[in-house]
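Below is one structure, written out as structure tokens, with a few remarks after it.
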Amino acid sequence: MKRLFLALVGVAVMMACSTASQLSDEEQKAYDFADELIKKMTLREKIGQLQQFTTRTAAITGPDGVKRDTEECIRNGEVGSFLSIRKTEEMLRLQKIAVEESRLGIPLIFGYDIIHGCRITFPENLAMSCSWDIDAIEHSARVAAIETAATGIHWTFSPMCDISADPRWGRVSEGAGEDPYLGAAISAATVRGYQGNDLAADNTIAACVKHFAAYGAGQAGRDYHTVDMSELMFRDRFLPPYRSAVEAGAVTAMSSFNDFMGVPASGNKWLLHTLLREELGFTGFVVSDYNAVHEMVKHGTAADGKEAACQAMNAHLNMDMVYGDYIKYGEELVKEGKVSEKSINQLCREVLAVKYRLGLFEDPFKYGRQNQEEVMYRAENLQFAREVAAKSMVLLSNNGVLPLKEGVKIALVGPLADAPRDQLGAWIGWGEAGRSVTIRKGLEERFGAKNIIYAKGSDFRAPIKGGIEEALRAARKADVVLLAIGLSYKESGEATSLTEITVPEAQQALLDALKKMGKRVVVLLGTGRAMDLRNEIEKADAVLLTWHGGTMEGAAVADLVSGDKNPSGHLTMSFPYCVGQVPVHYNNKITGRPRKGPEHDKKYLSRYMYTPNEPLFAFGYGLSYTEFDYSDLQVLTPEVALDGVVKVSVKVKNVGKRDGEDVAQLYVRDLVAETTRPMRELKGFERIALKAGEERVLEFEIPTSELAYCHQDLSFHTDKGEFLVGVGADSNVELTGKFTIK
Ligand code: BGC
């Protein structure tokens, strides 16, 4: 009785939602088309559209699914989508079966994880976010979409909008770091890049807002783990990037694996319906994460697959990824009155509408028909990948050893020095290690092969026999050592949680040995996550964070170490002092006993006994070969109306000897609020290029709506009151300005 009641409420809410949403003409047209088609469909065919499978030959991105006869499913209308097929001919072949041999000829939609590039692999997403270059990030998604469309894939499972401040979690590599404001700008740009202005064009693809929601806040950094936080915290710190991706028009979303405040996301009606659709205005379709519907049985909130499907359908989850509970139990659930046919119609029309908007009904084969030779690896796109990789790299320390002098002899050592696969990082789409410009190759091209003496020195986690000796021999012949160390691609991405986030011992031994012989050592750190770098910072003459920099990483490294380009990346995730601080992020709450200034060592303060509160490198941090001076901060609007715009100006001067780029960052602090506020929050930024000696006045405009926060009653709005403001090159900037919202 209770279940039936819930089911009927589900329908009522869903129908209310579809009438209440403001649909664009394009959306309306797509829904009208879908509604007509639905009239011709059997219940099983409708449920078929809600089922996504993988095939026996597809790439594997999760645990083994149930094996089934792909072609029969298509002919019977029992599947609406496939994921992870990496062969164009195979997709076209299956599409042909769908269109020609199924009763209604409804086209399939093919999805895949195109996360940071398709063929051309860009730096991992966390790295790219450190460029703070929103246009470049949008363009990288555009390039990825153009290449992807040529493969036959219609739909990418990206952007990942999960905020995380926990580098134990390997998937931080797929996100934009710890800050909701920057994360929101990046997720919207990524959606725009994929979807372009015309979803029906043959070089745009559907985006997917994932993982809804708060997947990045899993307990203790363990993947798939429980997420439990106040709704207030969720709305303030985690929701903004999802919201902005929806507002940018993403046509699909993915429910996350985790439970969220006690209810698995895939059966969480508050998340998938009330929040996502009614509040954020999402009008596309939601796919579950891999097997996540059935995993509600393991979560212990569904007795079996049938109950899991029932919960997911009634929570407004449109498509079941892989496991198959939807197609297996959907009809029974309707016949038993546990899910209404109206609900199925609604779920189905949302899937069909996206297929329609992609233009698949008009021409089911328009993706994958392009001449791949012409589309992939275009020279201008490779050049762009090189530039964005250089912009993503962050110079963490430098005693003057960088940039290297011309004619220098370089010993290039370490497991990442010539590692074509590792530099691509996790989730490489259709990327190919064979196309990687490794660090070795990049340096040989820039400095001449005879000036590069290469020795691997060590594997990632184990020494290699004679490796250290070989490295020392190389170093003896050289003026300087470039030591490319860090984590392998297998230690980045999904299911790669770590409790130690230091460089593995075998590689630290290399650093120790090289340092002991007295050579200058530059560490090139390759990683997809923030790490504890105390050892490297202490011992190396410079540390350049190269990340997993993608196809063109080696060329970008050569650009930077040679000084042809000036490092300009700034961290978007704090690098902890040690793992015990984690999660550590700049936008902490203040507490009633903040530790600050001369009160440092007093008892009864919010501090660690033997460890600083601050991370080793704060959010926003990054050096270059020149210096930027920020001065003369002026609040141009000391008093602002509640619906006004705050204006702040600051002078920035390149006071060094080289041209360079910096990221000017604006932070505010709300001094007194109804609920506790962070010590500071990013509310504006601008990437600027200044010639040596050049000075510019920057002006920032912050609509007061950007200062909204979550109140005790969970309403989200801006209050009157006083704020501090500051602009500088990292999150430690002094907040010397003041304004009042009246
Ligand atoms: C991941 C998703 C991904 C999906 C499909 C899952 O394991 O969590 O991010 O999109 O697989 O490959």
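Counting along the sequence shown from 1, when you hit position 255 you're at 255 in this note's numbering, and nothing is skipped either side.
Beta carbons are placed, not taken as given, at the ideal position from N, Cα and C, and that holds for glycine.
From a predicted model like this one, the values you see are computed outputs, not experimental measurements.
Per DSSP, A98 is one residue of the alpha helix (DSSP H) stretching across T88 to E101. Distances between the C-beta of G62 and the heavy atoms of the ligand BGC include at least one below 7 Å. In this structure, M321 lies away from A150, with their beta-carbon atoms at least 8 Å apart. Looking at the DSSP output, F460 bridges to nothing. With a cut-off of 7 Å, the C-beta of H717 is classified as distant from the ligand BGC, since no heavy atom of the ligand falls inside that distance. With fewer than 16 other CB atoms across the displayed protein chains lying within 10 angstroms of its CB, Y604 is exposed.
Distance from the CA atom of Y489 to the CA atom of A433, rounded to whole angstroms, is 12 Å. Counting of Cβ neighbours within 10 angstroms places L126 among the buried residues, the total reaching 16 or more. When rounded, the separation of the alpha-carbon atoms in N399 and F460 is 27 Å.
A distance below 6 Å between beta-carbons, with the five flanking residues on each side excluded, links Q219 to the following residues of its chain, in chain order: H225 and T226. By the beta-carbon neighbour count (other beta carbons within 10 angstroms, threshold 16), K456 is buried.
Residue environment for E78: buried (at least 16 other C-beta atoms within 10 angstroms of its C-beta). About 6 Å separates the beta carbon of T704 from that of V640, a gap short enough to meet the 8 Å contact definition. Sorting V697, I115 and K450 by C-alpha distance to the C-alpha of A689 places V697 at the top. Less than 8 Å separates the beta-carbon of Y194 from that of A207. The beta carbons of P415 and P107 sit no closer together than 8 Å. Residue side-chain check: K210 places its Cβ nearer than 7 Å to a non-hydrogen atom of the ligand BGC. Pairing A411 with I453 gives a Cβ-Cβ distance under 8 Å. Where Q665 is concerned, there is no enclosing alpha helix (DSSP H), although the beta strand (DSSP E) around it starts and stops at G660 to D670.
Taking 8 Å as the upper bound for CB-CB distance, L272 and I109 are not in contact here, some 19 Å apart. In the DSSP assignment, no residue is bridged to V246.
Collapsing the DSSP output to three states places V640 in a strand.
Taking the C-beta atoms as reference points, G324 is found no nearer than 8 Å to M296. In this structure the stretch 135 to 150 does not lie against the stretch 344 to 362, because fewer than three pairs of beta carbons, one per stretch, are closer than 8 Å.
Rounded to whole angstroms, the Cβ separation of P241 and A176 is 7 Å, and the two are in contact under 8 Å. In the structure shown, the three-state DSSP call for T591 is coil. Separation of the CB atoms of V413 and L514 is rounded to 7 Å, and the pair is thereby assigned contact status at 8 Å.
Note on geometry: alpha-carbon atoms of G518 and A474 lie some 13 Å from one another.
The C-beta distance from G170 to R529 rounds to 6 Å, short enough to meet the 8 Å contact threshold. Closest option to F234, judged by alpha-carbon separation, among I163, L545, L199 and G196: I163.
M531 is classed as buried because its beta carbon has at least 16 other beta carbons within 10 Å across all chains shown. Put simply, the backbone Cα of K477 is about 8 Å away from that of K409.
The three-state secondary structure of I114, taken from DSSP, is coil.
In the three-state reduction of the DSSP assignment, V322 falls in the coil class, being assigned neither a helical nor a strand state. Relative to I114, the option among W430, K465 and T546 whose CA is nearest is W430. Inclusion of L395 and G728 in the CB contact set at 8 Å is not warranted, their separation being larger than that value.
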